[in-house]
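Okay, structure first, notes after.
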Amino acid sequence: MRGKKRGVLCGFLFFLSGVLVIQGYLFPIGRHSVAVGEPLKLNFPAPIERNLKARIHQGQDSLLKFNSNTSAQVITLDSDPVAAEPGQIQMRLSLFGLIPLKDMVVSIVPQINVIPGGQSIGVLLHSQGVVVMGHSAVEDPAGNKVNPAVDAGICDGDIILKIDAEDIKSEGQVRDMVARAGTSGQPLELEVKRGEEIFFTKIIPVYCKDNLRYRIGLFVRDNAAGLGTLTYYEPESMTYGALGHIITDAGTEQPIELSDGRIVGASVQAIHRGKRGQPGEKIGIFQNDKQFNGTITRNTRMGIFGYLQQLPVNANFAAPIPVAMANQIHEGPAEVLTVLNEDKVDKFTVEILKLNLQAEQEGKGMIIKITDQRLLEQTGGIIQGMSGSPIIQEDKLVGAITHVFVNDPTKGYGVPAEWMLREAGMLHEEKEINVNKAS
Numbered sequence: 095m096r097g098k099k100r101g102v103l104c105g106f107l108f109f110l111s112g113v114l115v116i117q118g119y120l121f122p123i124g125r126h127s128v129a130v131g132e133p134l135k136l137n138f139p140a141p142i143e144r145n146l147k148a149r150i151h152q153g154q155d156s157l158l159k160f161n162s163n164t165s166a167q168v169i170t171l172d173s174d175p176v177a178a179e180p181g182q183i184q185m186r187l188s189l190f191g192l193i194p195l196k197d198m199v200v201s202i203v204p205q206i207n208v209i210p211g212g213q214s215i216g217v218l219l220h221s222q223g224v225v226v227m228g229h230s231a232v233e234d235p236a237g238n239k240v241n242p243a244v245d246a247g248i249c250d251g252d253i254i255l256k257i258d259a260e261d262i263k264s265e266g267q268v269r270d271m272v273a274r275a276g277t278s279g280q281p282l283e284l285e286v287k288r289g290e291e292i293f294f295t296k297i298i299p300v301y302c303k304d305n306l307r308y309r310i311g312l313f314v315r316d317n318a319a320g321l322g323t324l325t326y327y328e329p330e331s332m333t334y335g336a337l338g339h340i341i342t343d344a345g346t347e348q349p350i351e352l353s354d355g356r357i358v359g360a361s362v363q364a365i366h367r368g369k370r371g372q373p374g375e376k377i378g379i380f381q382n383d384k385q386f387n388g389t390i391t392r393n394t395r396m397g398i399f400g401y402l403q404q405l406p407v408n409a410n411f412a413a414p415i416p417v418a419m420a421n422q423i424h425e426g427p428a429e430v431l432t433v434l435n436e437d438k439v440d441k442f443t444v445e446i447l448k449l450n451l452q453a454e455q456e457g458k459g460m461i462i463k464i465t466d467q468r469l470l471e472q473t474g475g476i477i478q479g480m481s482g483s484p485i486i487q488e489d490k491l492v493g494a495i496t497h498v499f500v501n502d503p504t505k506g507y508g509v510p511a512e513w514m515l516r517e518a519g520m521l522h523e524e525k526e527i528n529v530n531k532a533s
């Protein structure tokens, strides 16, 4: 008898531990999205799904359409309910209809269609000018330490827009103009932006006996943040998303303010092939406004977003395609769009190895592997400049490449497209519901 009780107790504990595993492992996320017209699939293993029941909050079952054309407050997930209209559904999942497992919120969103990108873009931190990053004293031939820029009232963070009425675009341009003015003994007139204010000031370059050249005592940075890839654009609203990750300052690792930034088309001129421990990169030139361009309104952990002022040429997609919700992505083959030569967007095969749709949207929701032999031969895998390259699976935009594994450049992370759309404000959902209050 004692052995029988012990067996029953062990069985109960085993069953309870199984329930806890189901709760923690199969149901790590309390929030779920589905597009109108798509079936409500929560992607649980079939043996689990067959025995799950979902109790829907009163009145919210009208957001679903059932095969029997009737609504139900308690449904089974294998009955293939379809999302009928936008809204949010609170549901409580239970095993066999008896054992509570998880409270969830299902967001039903309108189907979003966009045109996948793949075009290379140049990211400009500011619409024009170079940024003042710091000051450095200049020792003149007599041994005196002076700083012409400080005397002229220039501060860190100022943007030098023009010198002698000429638009400034690069650090090298500033250096050349300083050298010419110093040689001729003429002052430079600078147009400077500080916040919303624009002012003018004059500087006389000083010959530095240490560097053997004329200087004005400034460290400046070009307004170019680098090369990336356009992920998608929506031609009616002219909105776009790119990169799939935030742009940070290389020195401080803090997000860069890009409210005055721009994107322009770029042309890839060369490829530095990546290898283990040494990520490769695309080498390109900015086309300014020759191909397409746009403004940057947001710099977020899911990418940069804004408005295009001119649409890119797209030979791969004449019409928009659906954006997959995160739960529609699955492990298996997919394609990525990116540029390897000049401005030609090519398709390459990849494999989605693993999904990690964690609630903390860190922009690393999937792990992908490059499988296309041509891409591997030319780049070694994922390289800098590919960030934002769109990932297509079953004719839907599912995500974008974001990061490379340094020790294995054939693999890297991707961000689900749904996360990018939500960050861009394109998924219009009702006021958030506390998932702990489902009934």
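Residue numbers for the sequence shown follow this note's numbering, so the first one is 95 and each next one is one higher.
Glycine included, C-beta positions come from ideal geometry on N, C-alpha and C.
- DSSP, read as helix, strand or coil, puts E517 in helix.
- Excluding the 5 residues flanking it on each side, K287 has same chain C-beta neighbours closer than 6 Å at I253, L255, in chain order.
- Residue ranges of uninterrupted beta strand (DSSP E) with 3 or more members, entirely inside the segment 223–264 and ordered along the chain, are 224–229, 253–257.
- Ranked by how close their Cα comes to the Cα of F313, the residues Y326, R149, S264, F442 have S264 in first place.
- Taken through DSSP and simplified to helix, strand or coil, G276 comes out as helix.
- In terms of Cβ geometry, V217 and A319 form a close pair [threshold 7 Å].
- Nearest Cα to E330 within the set V268, N317, I206, E290: I206.
- For a cut-off of 8 Å, the C-beta gap from A360 to L321 is around 6 Å, short enough to register as a contact.
- In the DSSP annotation of this structure, L402 is not part of any alpha helix (DSSP H); the continuous beta strand (DSSP E) holding it starts and ends at 397–404.
- Rounded to whole angstroms, the separation of the alpha carbons of H497 and T504 is 11 Å.
- Distance from the Cα of I398 is smallest, within the candidate group V430, G457, N408, E429, for G457.
- When I390, P180, I248 are compared, the shortest CA-CA separation from I202 is found for P180.
- Counting along the chain, L192 sits inside no alpha helix (DSSP H), nor does DSSP assign it H or E at all.
- The C-alpha of L157 is placed about 12 Å away from the C-alpha of M185.
- Residue pairing by DSSP places D197 opposite R186 in a beta bridge.
- Membership of L469 in the alpha helix (DSSP H) is indicated by the continuous run 467–473.
- A direct Cα-Cα distance of roughly 7 Å separates Y308 from V272.
- With a cutoff of 7 Å on beta-carbon distance, G338 and S481 are scored as near each other.
- Taking C-beta atoms as the reference points, T277 and A246 fail to come closer than 7 Å.
- Counting C-beta pairs closer than 8 Å gives fewer than three between the segment 396–413 and the segment 462–474, which falls short of the contact rule.
- For N393, the three-state secondary structure derived from DSSP is strand.
- Looking only at K441, M227, G475, the smallest Cα-Cα distance to Q487 is reached by K441.
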